[in-house]
Amino acid sequence: MFEAYSTSHLVVLGVFVAGVVVLLAMGPVVRGRPAERTVAVALAVGNIAFGLAGTLTELVPFEVTGSLPLQVCDFAWIAVAWALLTRHRFALALTYYWGLTLALQAMVQPTLDDAFPDPNFVAFWGKHVLLVWGAVYATLTLRQGPDWRGYRQAVAATFVWVAFVMCLNPLLDSNYGYFNEKPSGTVLDYLGPWPWYVLAEVVIVLVGWALLTLPWAGWPRRRPPATGKRDATLRPAR
1 MFEAYSTSHL VVLGVFVAGV VVLLAMGPVV RGRPAERTVA VALAVGNIAF GLAGTLTELV
61 PFEVTGSLPL QVCDFAWIAV AWALLTRHRF ALALTYYWGL TLALQAMVQP TLDDAFPDPN
121 FVAFWGKHVL LVWGAVYATL TLRQGPDWRG YRQAVAATFV WVAFVMCLNP LLDSNYGYFN
181 EKPSGTVLDY LGPWPWYVLA EVVIVLVGWA LLTLPWAGWP RRRPPATGKR DATLRPAR
């Protein structure tokens, strides 16, 4: 049985932190050079490999209440691989917010039952470590942070997922997203009972992601109101 902050957990976190330091340090070395693409492809391949492995291991044995790939991290690796390979702005926004917040929180307080060397343990940690490493490289190392449009798109995509899962949970008698019941031993313990902890999560995400957008985009600016009048200097002379 896996135990949080056991030796195996600390070893994984140590490897993860070391990898983050290396990825951040290599920025000036790889940016604008062929190695930039090489590292991006390698991280994308790693995300695809461990993302698929994590999906397959969750399906065996299959339980409709917990095996379906409906948690954010179960499909966030797709956005990360997409961002690494194409640099699409929407994919980069999802990678930044999902990878550097939600996936990171899952590593600090994992909801995992299987201990090392169980395949579920390897797949879980491989998926999460590569996911966050990919997010660090695609956004921080290569300096491709989001703007306020990306913030709005990421929030909208996340709320679509929330609405879908909350509608599906009653039908399956499941708890995907932990929207019906809190997992024990996580930060959610400090956010009150249901439904208050869900509402608190929404506020934390909205505010936290907005703060993470400021270093890249600054404060959002209001557009000047349209006057409906054309400047006389732009009219053709008669």
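179 is the number that our numbering gives to position 179 of the sequence shown; each next residue is one higher, with no gaps. In this text, a Cβ means the ideal position worked out from N, Cα and C, and glycines have one as well. In this text the structure is predicted, and so the values were computed from the model without any measurement.
Is DSSP giving residue i helix, strand or coil here?
i	result
Q153	helix
N180	coil
D118	coil
F159	helix
A232	Because the pLDDT at A232 is just 40, under 50, the model does not fix this residue reliably, and the point stays unresolved.
D189	helix
E63	coil
A4	coil
A237	Here the model assigns A237 a pLDDT of 40, short of 50, so the residue's position is not dependable, and the following value carries that caveat. Reduced to three states, the DSSP call for A237 is coil.
L131	helix
P69	coil
P170	helix
P220	coil
Leaving out five residues before and five after residue i in sequence, what residues of the same chain have Cβ atoms less than 7 Å from its Cβ?
i	result
K182	L188, D189, Y197
T55	P69, D74
Note the first and the last residue of the continuous alpha helix (DSSP H) segment covering residue i.
i	result
W216	196-217
S144	Here residue 144 turns out to be Gln, not Ser, going by the sequence shown. Note, Q144: premise wrong, no alpha helix (DSSP H); not H, not E.
L10	7-25
N175	Taken as a continuous stretch (DSSP letters only), N175 belongs to no alpha helix (DSSP H), as it is neither H nor E.
M107	103-108
V41	34-58
Using only the alpha-carbon positions, how far apart do residue i and residue j sit?
i	j	result
N47	W216	25 Å
L13	M107	8 Å
R33	G177	40 Å
G218	D118	45 Å
Q109	H9	10 Å
N180	R89	33 Å
F159	M166	10 Å
V41	G192	42 Å
L206	Y151	9 Å
L70	A163	12 Å
S6	A18	18 Å
V60	L23	34 Å
Within the same chain, show all residues whose beta-carbon is closer than 6 Å to that of residue i, passing over the 5 residues directly before and after it, in chain order.
i	result
G27	T141
G51	W77, K127
A81	A44, N47, I48
W125	V12
L85	A44
N120	T57, D114
P220	W148
Under 8 Å Cβ to Cβ from residue i, same chain only, skipping five residues before and after it: list those, please.
i	result
G132	Checking the sequence, you will find Val at residue 132 rather than Gly. Hits under 8 Å: F16, V20, G99, L100, A103, L104, M107.
V247	No answer is possible for residue 247: the residues shown for the chain start at 1 and end at 238.
A210	Y151
Starting from the N-terminal side, write out each stretch of the alpha helix (DSSP H) that is 4 residues or longer and does not extend beyond the segment 72-101. 72-86, 89-97
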